[in-house]
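Chains as they are written, first to last, in full-length UniProt numbering: chain A, 1 to 432; chain B, 1 to 309; chain C, 1 to 296.
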């Protein structure tokens, strides 16, 4: 009762506000080209969009560069909740798609997408935009198969061989740190849940699954525990650093050669070139170390797709643009050359990816190797509350990394499972 | 209001005028203070429910939640921990900041201090630096391998504590707030000190009172209202601490997403997309700020002015 | 000017004081200078850091300057077509225009509350004053929802409008007007036939100027420092103020490197105009905030 009165008051106030401030939020006129807004954060994407606008006078796209990842999704969801202000097209990291869908923020475009679109992408990538259903919720843009990067010069100098299994990685980590205590082969970063999720993906984990109309949370599954125990052991013994990545300190360590390896993704060259420009030509990429050398596998870290917002009034035009941007030769070439992405469209990007990244001029077969690795990405299902699981990762693994105790790493996995499952139940999802 | 305006010609002059002058303030206040607060209240009694897998449209609905959001906030161990943490933070920050501000203000007011113009401007400067930027700068200075302090200390064989790890991170955050706030409070106090007529304490000095005695017995009691005001401002700011820990968060393992109460609000509203819980937590924080400010005012008024009224 | 005032006050008393007191002046000066040094350190750091390029920032000794300041400024200027300077202009608009409007609104309201008797005055004042205690950060979320209803989010208005009304500014204007604008002056002007608004602009405003500077300064810094509101309201980075913009350069997502050297240079350049404004305005700041608290 009281609540409805208050809602009434709020509504009255909102209407008064509308009357007072006038109709500044004007809508586009009926004539002229279709207007689309596109929120994203890929570098230089506005240039790619410009080339669309030049060749397509009937559909004009306005690219709005937002902050990357989490903040962009946050603003997008807030605009959806507010019922106004969301763009037509939204860049969405793969793991955010179920969340966006569960919030009614993006729509199923399966009846608008051309039939051959699917054939441009690997099955793994395509399944992350269909979520294993008959729907299509976004068109893949770029992907992030995980790989291992290392300082070739320092490896040579220290007489190390590139680890091909995680056992070898642990040994190399120990050798490195023992022979020079200022050096580490890597760090366990509690601020990068996507990286950890990718590592567990490689080990065969899938944190969520849906079956018979019910969600399961499987964060406490054996592969996740195995990966957590492994890194917990390395951190506890001190041979791997426990500091977060992307800090000034980590940048310094990349520059001065005290971090000599990085478990990362196909986009790593851009990050390394930006953070440690003077180490150009000194890094080399290899497949991730394996759990089972006879069955090469990897996970995904990063990559995103382009979804159509539920507030869009021009769905056809939005799908048309999105299809062009992500699956036409012209645009995909630009995604590589202008935006520096690793396109999800493996067919059209083949040519553009022949020339290796300048920073990796010492590894001319970079993209060939990358393509082989990309084929080994394991299936993984994201649930509707990835945000909750990821923030639980930050909190729990932050504590664990700080404590440098393997037992704490195991406890962190249990806690993540508990928090994530409880959140699903509280929100009213059917779980089992 | 309209009726007052139409009566104006016949009415005594000035009846409508104050309302006209207040009009912009009242309209803006209603729109941007009152309405949001009411709206927050409304949201705080609701929650969002999903059905089944929650995929596809229409799976989500908003329902009345009663006090559920309040109960779950007040029984959430992480939230209570963040309240306790902010309590500790306030106990470290407020006395240090106000103590230093008062000390600097008295030194500025003292006739025997030199380099006053320079010091006053320099200490006040950080107030002009936004918390996001100052946290970034201090972040660099806190990180052992890029900090000049650690570099210099190492040369003398001293190992400084890593303020970004473990519980010490509260000190790191308090330091940023101290840096940004001490100058502002100093200037408020100094302005009050300058307003004291000099003859009030010149006499005491001639009677042989030392500068310290004059400060303690005459100056501080006179500027007590300023001290109270700065204390209340500091309490309000403390309970709202947000930008500093958020900016430092990516640099440290020890700052969780519920590190301070407002970070919990932010996480609920934006990371978890649950504005309803966030609204309830906001209301709790706002009530706490009200309560603490009034309580503080009551206590000090009784102590400071109890005899006078 | 402040310095000369102070030294003028110093001289006569030094004649009275006896020599032992001279010793302690070193101590108090030293304490104050240590405070100043502490406040200056991060600024000095950013000065040095902004002269370094991306690699040097992390590899060279902090207090060894390099030669890349100009390169950094050029790079910052070229970043996405001069976006940084757009952020500066936006900030000037939000904080400058916002604080100016806020000062006008506050002084009008404060004047009305101080110099008129009318029904409901106490209620209005109490309600407005209670606004001082409402955390601005908490307001940002519902403000977003309300502004979204009328399609104003992601516009300049979204950041400007909510920050015009300042309960503390109104409070300050009221107590200062009570104390420094004599009622008989107003009455005299009225008998001469001046209208109320004319009296306000021509007589009250000049007398209130110290309070107006203070309100302006408070609100300017308040808006400048308010990270949350623009962060929530704005999606389009060409509307960002400097704080949100620089924050975005740091948090580019995992696949794009954080642009530390640009951020550091950007931070330095953004502080300069604000410092200049402060140096100019702080000498006008003579309002005893505490004194008002008693009179109110």
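Yeah, the Cβ is synthetic: ideal placement off N, Cα and C, and Gly gets one too.
These figures come from a predicted structure and were not determined experimentally.
Residues near residue 134 (chain A) by beta carbon distance below 6 angstroms, same chain, minus five either side: By one-based count along the first chain, residue 134 (chain A) stands at place 134. Excluding positions up to five away in sequence, the list is empty.
Nearest neighbour of residue 221 (chain A), chosen from A:292, A:204, A:181 [CA to CA]: Within the first chain, residue 221 (chain A) is the residue found at index 221, counting from 1. For residue 221 (chain A), the nearest C-alpha among the options comes from A:204.
According to DSSP, residues forming a beta bridge with residue 287 (chain A): Numbered from 1 along the first chain, position 287 holds the residue referred to as residue 287 (chain A). Residue 287 (chain A) is bridged by DSSP to A:147.
Close Cβ partners of residue 264 (chain A) (< 6 angstroms) along its chain, the five nearest in sequence each way excluded: Locating residue 264 (chain A) in the first chain gives position 264, counting from the first residue. 149.
Residue 124 (chain A) versus residue 67 (chain B): straight-line alpha-carbon distance, rounded: Stepping through the first chain from its first residue, residue 124 (chain A) is reached at position 124. Stepping through the second chain from its first residue, residue 67 (chain B) is reached at position 67. Cα-Cα distance, rounded: 44 angstroms.
Residue-chain proximity (residue 435 (chain A), chain B), Cβ-Cβ < 8 angstroms: For residue 435 (chain A) there is no data in the structure shown, the boundaries of chain A being 1 and 432.
Own chain residues within Cβ distance below 8 angstroms of residue 410 (chain A), not counting five before or after: The residue given as residue 410 (chain A) occupies position 410 in the first chain. Excluding residues within five positions, the ones whose Cβ falls inside 8 angstroms are 225, 228, 229, 232.
Chain A contacts from the stretch 267-281 of chain B (Cβ-Cβ distance under 9 angstroms): From the stretch 267-281 of chain B, only 267, 269, 270, 271, 272, 273, 274, 275 have a Cβ closer than 9 angstroms to chain A.
Residue 252 (chain B) beta carbon less than 8 angstroms from that of residue 165 (chain B): Translated into positions along the second chain, residue 165 (chain B) becomes position 165. Translated into positions along the second chain, residue 252 (chain B) becomes position 252. Yes, Cβ-Cβ distance for residue 165 (chain B) and residue 252 (chain B) is below 8 angstroms.
Residue 178 (chain C) versus residue 206 (chain C) - alpha carbon distance: Along the third chain, one-based indexing puts residue 178 (chain C) at 178. Along the third chain, one-based indexing puts residue 206 (chain C) at 206. Their Cα atoms are separated by approximately 14 angstroms.
8 angstroms Cβ cutoff, residue 40 (chain B) in contact with chain C: For the purposes of this step, residue 40 (chain B) is taken as the residue at position 40 of the second chain. Chain C, which has a Cβ nearer than 8 angstroms to the Cβ of residue 40 (chain B), makes this yes.
Beta-carbon proximity check, residue 255 (chain A) vs residue 58 (chain C), cutoff 8 angstroms: Along the first chain, one-based indexing puts residue 255 (chain A) at 255. Along the third chain, one-based indexing puts residue 58 (chain C) at 58. Against a cut-off of 8 angstroms, the Cβ pair of residue 58 (chain C) and residue 255 (chain A) comes out as a contact.
Minimum C-alpha distance to residue 43 (chain C) - residue among B:138, B:286, B:90, B:259: As a first step, residue 43 (chain C) must be located in the third chain, where it is residue number 43. The option with the nearest alpha carbon to residue 43 (chain C) is B:138.
Minimum Cβ-Cβ distance from residue 269 (chain A) to chain C less than 8 angstroms: Within the first chain, residue 269 (chain A) is the residue found at index 269, counting from 1. Judged by the 8 angstroms Cβ criterion, residue 269 (chain A) is not in contact with chain C.
Through-space distance from residue 168 (chain B) to residue 159 (chain C), alpha-carbon basis: The residue you call residue 159 (chain C) lines up with position 159 of the third chain. The residue you call residue 168 (chain B) lines up with position 168 of the second chain. So the alpha carbons of these two residues sit roughly 35 angstroms apart.
Three-state class that DSSP yields for residue 61 (chain A) in the structure shown: By 1-based counting over the first chain, the position of residue 61 (chain A) is 61. In the structure shown, residue 61 (chain A) sits in a strand (DSSP, three-state: E or B).
Same chain, Cβ closer than 6 angstroms to residue 114 (chain C), neighbours up to 5 away in sequence not counted: Translated into positions along the third chain, residue 114 (chain C) becomes position 114. Answer for residue 114 (chain C): 174, 177, 178, listed in chain order.
Cβ-based neighbour list, residue 288 (chain A), same chain, cut-off 7 angstroms, excluding 5 preceding and 5 following: Stepping through the first chain from its first residue, residue 288 (chain A) is reached at position 288. Within the same chain, residue 288 (chain A) has close Cβ partners 146, 147, 148, 202, 263, 298.
Cβ-based burial, residue 189 (chain A) [other Cβ within 10 Å; buried from 16]: Walking along the first chain from the start, residue 189 (chain A) turns up at place 189. Residue 189 (chain A) is buried by the Cβ-count criterion.
Chain C contact residues for residue 375 (chain A), given Cβ-Cβ distances below 9 angstroms: In the first chain, counting from the first residue as 1, residue 375 (chain A) sits at position 375. Ordered by position in chain C, no residue passes the 9 angstroms Cβ test against residue 375 (chain A), which lies about 20 angstroms from the chain.
Per DSSP, the bridge partner or partners of residue 305 (chain A): Along the first chain, one-based indexing puts residue 305 (chain A) at 305. Paired residues: A:92, A:140.
Collapsed DSSP secondary structure at residue 112 (chain B) in the structure displayed: Along the second chain, read from residue 1 onward, the residue named residue 112 (chain B) stands at position 112. Residue state for residue 112 (chain B) is assigned as coil, using DSSP reduced to three classes.
Per DSSP, the bridge partner or partners of residue 184 (chain A): Locating residue 184 (chain A) in the first chain gives position 184, where the first residue counts as 1. Partner(s): A:259.
Burial state of residue 46 (chain A) (16 or more Cβ within 10 Å): Numbered from its first residue, the first chain carries residue 46 (chain A) at position 46. Answer is buried; the Cβ neighbour count reaches 16.
CB contact below 8 angstroms: residue 71 (chain C) versus chain A: In the third chain, the residue the question calls residue 71 (chain C) occupies position 71. Taking Cβ atoms only, chain A never reaches closer than 8 angstroms to residue 71 (chain C), which makes this a no.
Proximity to residue 212 (chain A) [Cα-Cα], best of B:31, B:53, B:46, B:42: Taking the first residue of the first chain as 1, we reach residue 212 (chain A) at position 212. It is B:53 whose Cα lies nearest to the Cα of residue 212 (chain A).
Three CB pairs or more closer than 8 angstroms across the stretch 174-186 of chain B and the stretch 62-73 of chain C: no
Integer-rounded CB distance, given that residue 215 (chain A) should sit under 8 angstroms from residue 208 (chain A): In the first chain, residue 208 (chain A) corresponds to position 208, counting from 1. In the first chain, residue 215 (chain A) corresponds to position 215, counting from 1. Correct: roughly 6 angstroms between the Cβ atoms.
Alpha-carbon to alpha-carbon, residue 318 (chain A) and residue 33 (chain A): Along the first chain, read from residue 1 onward, the residue named residue 33 (chain A) stands at position 33. Along the first chain, read from residue 1 onward, the residue named residue 318 (chain A) stands at position 318. Residue 33 (chain A) and residue 318 (chain A) have their C-alpha atoms spaced approximately 13 angstroms apart.
Chain C residues whose Cβ lies nearer than 9 angstroms to that of residue 290 (chain B): The count along the second chain starts at 1 and reaches residue 290 (chain B) at position 290. Going along chain C in sequence order, the residues near residue 290 (chain B) (Cβ under 9 angstroms) are 130, 133, 134.
The stretch 88-97 of chain C contacting the stretch 221-234 of chain C, beta-carbon criterion three pairs below 8 angstroms: yes
Residues within the stretch 379-404 of chain A neighbouring chain B, beta-carbon criterion of under 7 angstroms: 384, 387, 388, 391, 394, 395, 398, 401, 402
Reduced DSSP category for residue 16 (chain B) - H, G, I as helix; E, B as strand; rest coil: Numbered from 1 along the second chain, position 16 holds the residue referred to as residue 16 (chain B). Residue 16 (chain B) falls in the coil class under three-state DSSP.
Residue 395 (chain A) and residue 257 (chain B) closer than 8 angstroms at C-beta: Here residue 395 (chain A) refers to the residue found at position 395 when the first chain is read from its first residue. Here residue 257 (chain B) refers to the residue found at position 257 when the second chain is read from its first residue. A distance below 8 angstroms separates the beta carbons of residue 395 (chain A) and residue 257 (chain B).
Residue 263 (chain B) at chain A interface by Cβ criterion, 8 angstroms: Looking up residue 263 (chain B) in the second chain gives position 263. It does not: the Cβ of residue 263 (chain B) has no partner Cβ on chain A nearer than 8 angstroms.
Pair within 8 angstroms by beta-carbon distance, residue 170 (chain A) and residue 234 (chain A): Taking the first residue of the first chain as 1, we reach residue 170 (chain A) at position 170. Taking the first residue of the first chain as 1, we reach residue 234 (chain A) at position 234. Yes, Cβ-Cβ distance for residue 170 (chain A) and residue 234 (chain A) is below 8 angstroms.
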